[in-house]
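Encoded as structure tokens, the structure appears first; notes follow it.
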Amino acid sequence: MMSLRFLPLLSVLLFTGCGTVGNMVIQDQTLEQKAAFALNTTSDKVKVSNRQGAIDGTINFVATTGGKSYQCYITTVGGAISSQAICSGSSSVKTTNNADNKQCNALLQAAGRC
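Going letter by letter, the sequence shown gives residues -21 to -1, 1 to 93 in mature numbering (1 follows the signal peptide of the UniProt record, and there is no 0).
In structure tokens form, the structure reads like this:
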């Protein structure tokens, strides 16, 4: 009966580093496939960068496709089970590319898109 008392503590310790472990286990190709589905494109057109695993079980990354970058994340349980990717709008990632700034006009500046 004494060991049942420590079961909740053991489960918390077991799942604490799921995102960190999942970040080491899950490959870029898997993240590209999940992001491609969320962004309605194919995985060969998606590039993954800035991967970070968190202790809450999420893997945050930036998916770039068609010259636009999107903040994405998945949730995982130790890399064995993972969710589909959820990605933000393309204006959520700041780019320092000068080509983007050349296409900026007064209307886009007023909307905060430049």
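Even glycine gets a Cβ: it sits at the ideal position worked out from N, Cα and C.
These numbers come from a predicted model, not from an experiment.
With respect to Ile34, Tyr52 sits apart: the two C-beta atoms are not nearer than 8 Å. In the DSSP assignment, Thr55 falls within the beta strand (DSSP E) that extends over Lys47 to Val56. In the structure shown, the three-state DSSP call for Thr9 is helix. Beyond the five residues adjoining it in sequence on each side, Gly45 comes within less than 8 Å, by CB distance, of Thr20 and Lys24 in the same chain, given in chain order. Here Val41 carries a strand assignment [DSSP, helix/strand/coil].
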